[in-house]
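Trainee: Residue numbers (our numbering): 1018 to 1287.
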Amino acid sequence: MDKTYASAAWAVADIPDGASLAVGGFGLSGVPIVLIRALLAQGTGGLEVVSNNCGVDGWGLGELLAAGRIRRVIASYIGENKEFARQYLGGEVEVELTPQGTLAERLRAGGVGIPAFYTATGAGTAVSDGGMPIRYAPDGSVAFASEPKELRPFAAFGRTREYVLEQAIRTDYGLVRAAVGDRHGNLRFEKSTRNFNPLAGMAGRITIAEVDELVEPGELDPDDIHLPGIYVDRVVQLTHEQATELPIEKVTVRPRPAASDTAAPAGEDR
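(1) Determine, using beta-carbon pairs with one atom in the region 1202-1222 and one in the region 1179-1192, whether at least three such pairs fall under 8 angstroms.
(2) What does the Cβ neighbour count give for residue 1150, buried or exposed, with the cut at 16 atoms within 10 Å?
(3) Just to confirm my understanding: we take residue 1211, look at its own chain, exclude 5 residues before and 5 after, and list those with CB closer than 7 angstroms. What are they?
(4) Under a three-way DSSP split, which group does residue 1180 fall into?
(5) If I follow the unbroken beta strand (DSSP E) through residue 961, where does it start and stop?
(6) At which residues does the alpha helix (DSSP H) containing residue 1127 begin and terminate?
(7) Thinking residue 1057 and residue 1080 are a contact (beta carbons under 8 angstroms), I'd like their distance in whole angstroms, please.
(8) Can you tell me the Cα-Cα spacing of residue 1022 and residue 1197, whole angstroms?
(9) The alpha helix (DSSP H) with residue 1051 in it runs from where to where?
(10) If residue 1255 and residue 1227 are in contact, beta carbons under 8 angstroms, what's the gap, nearest whole angstrom?
(11) For a minimum of 4 consecutive residues, which ranges assigned as the alpha helix (DSSP H) are wholly contained in the region 1221-1280?
Here you go:
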């Protein structure tokens, strides 16, 4: 039952070229950066990645992308990563764009054994009608585009409307980052890191978790477990330095108000 691995390199050592990965995180929040860098170091390539986005330039999945290790991405967002946009528009990487909520449900459905589901999101748009560019040709034309999806009317919630059939996502591996994990693989995520991490962990046939803190089984209260150990196969404890490497995606500041040399009137605070 002890699922701990001594290093990230050992935990990802069997991930082969061409594997599919469900990766947790949103921008820079909750990204399994140590596992990603272990994959980068061992030279694994030709990867198909399922994640909300592909990191940012120079960090997260952006490191694998910049090294040319990713061949296909299923995501809901391209922004904040100029290299991702460049590779997509230049025909170097395939991209399947899907609405964010749909992506979350596709991962969850894969984790619980539901092969497909209907949703109103995207019905009657390019999501269902097809034609969204999957890969561009070097000359800027569309090399191939998304296929139409099945539509079906349902009478629900007081009205009849069309719903689009979406396929569940099941990947070879799931990579996640948790605040606390125990040796049985039970995980707790901190605040906004509980974004796509539980879903990515559910969708992977083999799920690897890097954790800031490792505790013994029984120390996590059952109500504090966000992803049960049944979904997690390997646990890697991060060092203090690894756990505290938390860059800020955007720094927004405002000028300080100019200090006044005029004393505040009597009876008033400055």
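Every residue gets a Cβ at the ideal spot worked out from N, C-alpha and C, and that includes glycine. Predicted, not measured: the structure shown is a model, and the values here were computed from it.
Mentor: Well, looking at it:
(1) Three or more Cβ pairs closer than 8 angstroms define a contact, and the region 1202-1222 meets that threshold against the region 1179-1192.
(2) Start at 1 with the first residue of the sequence shown, and residue 1150 comes out as number 133. Residue 1150 is buried by the Cβ-count criterion.
(3) In the sequence shown, the residue the question calls residue 1211 occupies position 194. Closer than 7 angstroms at Cβ, skipping near neighbours: 1243.
(4) By one-based count along the sequence shown, residue 1180 stands at place 163. Strand.
(5) Because the chain here runs from 1018 to 1287, residue 961 falls outside it and cannot be looked at.
(6) Counting from one through the sequence shown, the residue named residue 1127 turns up at place 110. Residue 1127 -> alpha helix (DSSP H) spans 1117-1129.
(7) For the purposes of this step, residue 1057 is taken as residue 40 along the sequence shown, with counting starting at 1. For the purposes of this step, residue 1080 is taken as residue 63 along the sequence shown, with counting starting at 1. That belief holds up - the Cβ atoms of residue 1057 and residue 1080 are roughly 6 angstroms apart, short of 8 angstroms.
(8) What you label residue 1022 is simply residue 5 of the sequence shown in a count that begins at 1. What you label residue 1197 is simply residue 180 of the sequence shown in a count that begins at 1. Going from the Cα of residue 1022 to the Cα of residue 1197 covers about 15 angstroms.
(9) Along the sequence shown, read from residue 1 onward, the residue named residue 1051 stands at position 34. Residues 1050-1059.
(10) Numbered from its first residue, the sequence shown carries residue 1255 at position 238. Numbered from its first residue, the sequence shown carries residue 1227 at position 210. With a Cβ gap of about 6 angstroms, residue 1255 and residue 1227 count as contacting.
(11) Look at the region 1221-1280 and you find these whole runs of alpha helix (DSSP H), each 4 residues long or longer: 1257-1260.
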